[in-house]
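Trainee: With my numbering applied, the sequence shown covers 34 to 78.
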Amino acid sequence: MQSTQQFLQEDVEVIGLGYDLMMTRSFKLDGDVWTMVWYWLKWLG
């Protein structure tokens, strides 16, 4: 149980890191498009 919880914790951290990289890359290369997508997702939500 402990190992499973630790695995999930590491998985979440990896996903978070990838998300941060994606955000940074998107803002650097195509910030306007990413902003449009963000507003669109927020509007749907």
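No residue lacks a Cβ here, since even glycine has one placed at the ideal position from N, Cα and C.
Just the C-alpha distance for W82 and E43, rounded to the nearest angstrom, thanks.
Mentor: Any answer about residue 82 is impossible in this case: the structure gives the chain only from 34 up to 78.
Trainee: Give me the Cα-Cα distance between V47 and S36, rounded to the nearest whole angstrom.
Mentor: Reading the sequence shown from its first residue, position 14 is the one you call residue 47. Reading the sequence shown from its first residue, position 3 is the one you call residue 36. Rounded to the nearest angstrom, the two C-alpha atoms are 16 Å apart.
Trainee: Could you compute how far the alpha carbon of V66 sits from the alpha carbon of Y52?
Mentor: Residue numbering aside, residue 66 sits at position 33 when the sequence shown is read from its first letter. Residue numbering aside, residue 52 sits at position 19 when the sequence shown is read from its first letter. Cα to Cα, V66 sits roughly 16 Å from Y52.
Trainee: Classify G78 as helix, strand or coil using the three-state DSSP reduction.
Mentor: What you label residue 78 is simply residue 45 of the sequence shown in a count that begins at 1. Coil at G78, not helix or strand.
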